[in-house]
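Visitor:
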Amino acid sequence: MASTSTTAAGSSERQAFAGASAEELAEWLSGNGIAISSYGQGSAKSVAQLWEEVEAGETQLFMDTGRPLREVSVLNVLLRNSKGQTLYEAEQVLPNGARRRRGLPLSEKLLPGERWQEAAVRGVLEELGPVLPQEPQAGGVEVDEASMEESVETKESQSYPGLLSKYVCKRVSARVLSGLPEEDFSTEEERSDGILQHCWVWR
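Going left to right, the sequence shown walks through residues 28 to 230 as the working numbering numbers them.
Here's what the structure looks like:
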């Protein structure tokens with residue numbers, strides 16, 4: 028079920044999760060001390076959603092120093108309006124009505140082999156497409172490549188309780204050339220379990 032990755036001399040052995048289904052993932056998490064009974068409850072995401080991230084290449088899972096570790100490459104896109112305010116996703120309203128606090132700028136997981144410049148444009152069009160002009164084009168997003176900064180943060184995941192997550196974060200400034208609302212707004216995303224609402228605010 029798991030394969031061992033190469034490690035430097037003197038470092039601890041690290042094993043990558045190599046299961047083939049959400050059921051195997053649930054078994055792997057439970058067998059390594061993660062209480063998944065709360066997954067899919069309240070604001071927590073489900074094991075099936077974590078498996079979707081793994082299948083899409085958005086997330087990698089390892090056994091590292093004796094506990095499961097989730098690794099994600101994330102891009103934060105700082106969008107500003109004419110008043111100099113930055114756009115943040117204040118919260119999400121889940122299909123079950125629960126609310127998940129966010130307080131983050133527009134965020135997108137990088138896909139395998141994807142350049143961060145491409146991810147910035149994709150993230151804007153995917154997340155904000157519903158409020159942009161019909162058939163928005165990639166040329167309508169201007170990315171300030173010189174503004175890119177990178178940081179690494181390791182903390183327990185809010186979406187997957189008990190699962191330590193390492194976030195390799197890139198942050199870049201960008202602007203939408205036309206059509207982005209100047210006031211607070213919301214967008215909706217259709218998912219397999221219903222409609223997810225994103226609540227956006229300017230700060």
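Each residue gets a CB set at the ideal place from its N, CA and C atoms; glycine is no exception.
Would DSSP call Glu-46 helix, strand or coil?
Guide: The amino acid at residue 46 is misidentified as Glu; the sequence shows Gly. Coil, per DSSP.
Visitor: Under the rule that 16 or more other beta-carbon atoms within 10 Å means buried, what is Gly-150, buried or exposed?
Guide: Its Cβ being crowded by 16 or more others within 10 Å, Gly-150 is buried.
Visitor: Please state whether the Cβ-Cβ distance between Ser-205 and Gly-167 is less than 8 Å.
Guide: Yes, Cβ-Cβ distance for Ser-205 and Gly-167 is below 8 Å.
Visitor: Run through the DSSP bridge pairs and tell me what Leu-152 is partnered with.
Guide: Answer by DSSP bridge pairing: none, since Leu-152 is not bridged.
Visitor: Counting only runs that start and end within the region 97–162, where is the alpha helix (DSSP H) found for 4 or more residues in a row?
Guide: The region 97–162 contains these whole alpha helix (DSSP H) runs: 143–155.
Visitor: How many whole angstroms separate the CB atoms of Arg-198 and Leu-88, which I take to be in contact at a CB cut-off of 8 Å?
Guide: Actually they do not touch by this definition, with Cβ atoms about 24 Å apart.
Visitor: Just curious, the beta strand (DSSP E) that Glu-217 is in, first and last residue?
Guide: Glu-217 -> beta strand (DSSP E) spans 212–218.
Visitor: Mind checking which residues open and close the beta strand (DSSP E) that includes Leu-172?
Guide: Here residue 172 turns out to be Glu, not Leu, going by the sequence shown. 168–183 is the span of the beta strand (DSSP E), which, as asked, contains Glu-172.
Visitor: Considering just the uninterrupted stretch of the beta strand (DSSP E) at Leu-223, what are its terminal residues?
Guide: Run containing Leu-223: 221–229, per the beta strand (DSSP E) assignment.
Visitor: Are Ala-49 and Trp-78 closer than 8 Å when you measure CB to CB?
Guide: Cβ distance < 8 Å, so Ala-49 and Trp-78 count as in contact.
Visitor: Just the Cα atoms here: how many angstroms apart are Gly-60 and Ala-117?
Guide: So the alpha carbons of these two residues sit roughly 32 Å apart.
Visitor: Quick check: what's the CA-CA separation for Ser-178 versus Asn-103?
Guide: Rounded to the nearest angstrom, the two C-alpha atoms are 11 Å apart.
Visitor: Taking all protein chains shown into account, do 16 or more other C-beta atoms lie within 10 angstroms of the C-beta of Leu-131, making it buried, or fewer, making it exposed?
Guide: Exposed: under 16 other Cβ atoms inside 10 Å.
Visitor: Specify whether the region 220–229 and the region 109–124 touch according to this definition: at least 3 beta carbon pairs, one from each stretch, less than 8 Å apart.
Guide: These segments touch.
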